[in-house]
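Each remark here refers to the structure printed beneath this line.
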Amino acid sequence: MHVGIIGYGAIGQSLVKRLAAAGIEEITVANSRGPESLAPHVEQFDGRVNAGTVREAGAAELVVLAVGWHQVPNALAEVQDWTGRILIDATNNYAPPGETPPDLGGRTSSEIVASHAPGAKVVKAFNHLAAALLGEDPRVAGGNRALFYSGDDEAAKESVGALLKRLGYAGIDLGGLVEGGKMHAPRNGPLIIRNLIEM
Ligand SMILES: NC(=O)c1ccc[n+]([C@@H]2O[C@H](COP(=O)([O-])OP(=O)(O)OC[C@H]3O[C@@H](n4cnc5c(N)ncnc54)[C@H](OP(=O)(O)O)[C@@H]3O)[C@@H](O)[C@H]2O)c1
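Residue 3 is where the sequence shown starts when you use our numbering, and the numbers rise one by one after that.
Printed below as a string of C-alpha cells:
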C-alpha cells in the first residue's frame, strides 16, 4: 500500500507516525517548500517515509489532504489529473476562536475540496480528532478508537476502511460525502472531536 500525504503539519505528522507504526509499505509526504525541507523530519523513520513533491505524494494509491483550509486550491492544483484517484480529505474549514469561519456558500467543505480535484473519489476522514490524539495508538482500553468517514464511492470507502483497520481504528462509515460529512464537520457536526472507543 502506498499512502501520500499532502501537508506535513500537525495532522500530517501524526498520521505518518501511525502509518509507519502500522508498517504501511510506502509513505510519501509533501509540503509546499519541497522535499529538501522535509528530509530532516523523515530521517527518524529509517527510510520508511519518503519526502517528495506534492505531485509525487499525489500519485499514491491513497492520498491524504492535510493542508490548511486556504491552501486547499493551491495544493490540489499541483496534481494534474485526479480522475479516479482516492483523495482522503482531512481538512476542516476551521477558524480560530474570534475569527469568522470561511463562507462556504451553503456547500460542505468536502464538496469544495472535491470541486478542486475533478474526478477524484473523495472520502472525508481523519478530520474529527485533534492532531495529538490522531498520533496516539488507537488501540486503547481493550478497544479501538472510532474514526468516522464519509464518501460517495463505495469502493474508495472500502479502501479507506481497510486502511483504518490496519491502523487499529474502528472505522465507522457515516454514508455519503454531503449528508455523512455533515455529521463530522466542525461546529455543527455532532461527532466532531468525539473521542469514542468501540469495545
Ligand atoms: N490540527 C488539528 O488538530 C486538526 C484536527 C482536525 C483537522 N485539521 C485540519 O487538517 C488540516 C491541516 O491542519 P494542521 O493543523 O496539520 O495544519 P498545519 O500544522 O498548519 O500544517 C499544514 C501543512 O500544509 C503544508 N502546506 C501549506 N500549503 C501547501 C501546499 N500548497 N501544498 C502542500 N503543502 C502545503 C504546510 O507546509 P508548508 O507551509 O511548509 O508548505 C504544512 O506542512 C487543516 O485543514 C485543519 O483544519 C486539523
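The beta-carbon is built from N, C-alpha and C at its ideal position, and this holds for glycine as well.
Computed from a prediction, not measured in an experiment: that's the story for all the values here.
Look at ARG168 and LYS123 and say whether their C-beta atoms are less than 8 angstroms apart.
no
Any alpha helix (DSSP H) of 4 or more consecutive residues that is wholly inside the region 52-132:
56-59, 74-79, 111-117
In chain order, what residues of the same chain have a beta carbon less than 8 angstroms from the beta carbon of VAL162, not counting five sequence neighbours either side?
LEU64, ILE88, ILE90, VAL125, ALA127, TYR151, GLY153, GLY173
In whole angstroms, what is the alpha-carbon distance linking ILE194 and GLU200?
16 angstroms
Distance check for ASN76 and GLY202, CA to CA, integer angstroms please.
The structure shown does not extend to residue 202, since the chain is modelled only from 3 to 201, so the question has no answer here.
Compute the minimum distance between the beta carbon of ALA61 and the heavy atoms of ligand 1, and state whether it is under 7 angstroms.
no
Rounding to the nearest angstrom, what Cα-Cα distance links GLN73 and ASN33 in this structure?
11 angstroms
For LEU21, I'd like the list of residues in its chain whose CB is within less than 6 angstroms of its CB, leaving aside the five on either flank, ordered along the chain.
VAL5, ILE29
N-terminal and C-terminal residue of the beta strand (DSSP E) that GLU28 is part of:
28-32
Please report the Cβ distance between SER111 and THR93, rounded to the nearest whole angstrom; I am assuming they are in contact, meaning their Cβ atoms lie under 8 angstroms.
7 angstroms
So, does the CB of HIS130 fall closer than 8 angstroms to a CB anywhere in chain B?
This model lacks chain B altogether, as it is built from one protein chain only.
On the three-state DSSP scale, how would you describe ALA158?
helix
Same chain only: Cβ atoms within 8 angstroms of ASN146, ignoring 5 sequence neighbours per side:
PRO140, GLY170, TYR171, ALA172, ILE199, GLU200
Contact set, ligand 1 heavy atom to C-beta under 6 angstroms
ILE8, GLY9, TYR10, GLY11, ALA12, ILE13, GLY14, ALA32, ASN33, SER34, ARG35, VAL56, ALA68, VAL69, GLY70, TRP71, GLN73, ASN76, ALA77, ALA92, THR93, ASN94, TYR96, ASN129, ALA132, ALA133
Within a Cβ cutoff of 7 angstroms, which residues of the same chain sit near VAL69, ignoring the five residues on either side of it in sequence?
ILE8, GLY9, ALA77, THR93
Report the rounded CA-to-CA distance for VAL18 versus PRO98, giving the unit in angstroms.
25 angstroms
Could you give the first and the last residue of the continuous beta strand (DSSP E) run that contains LEU149?
145-153
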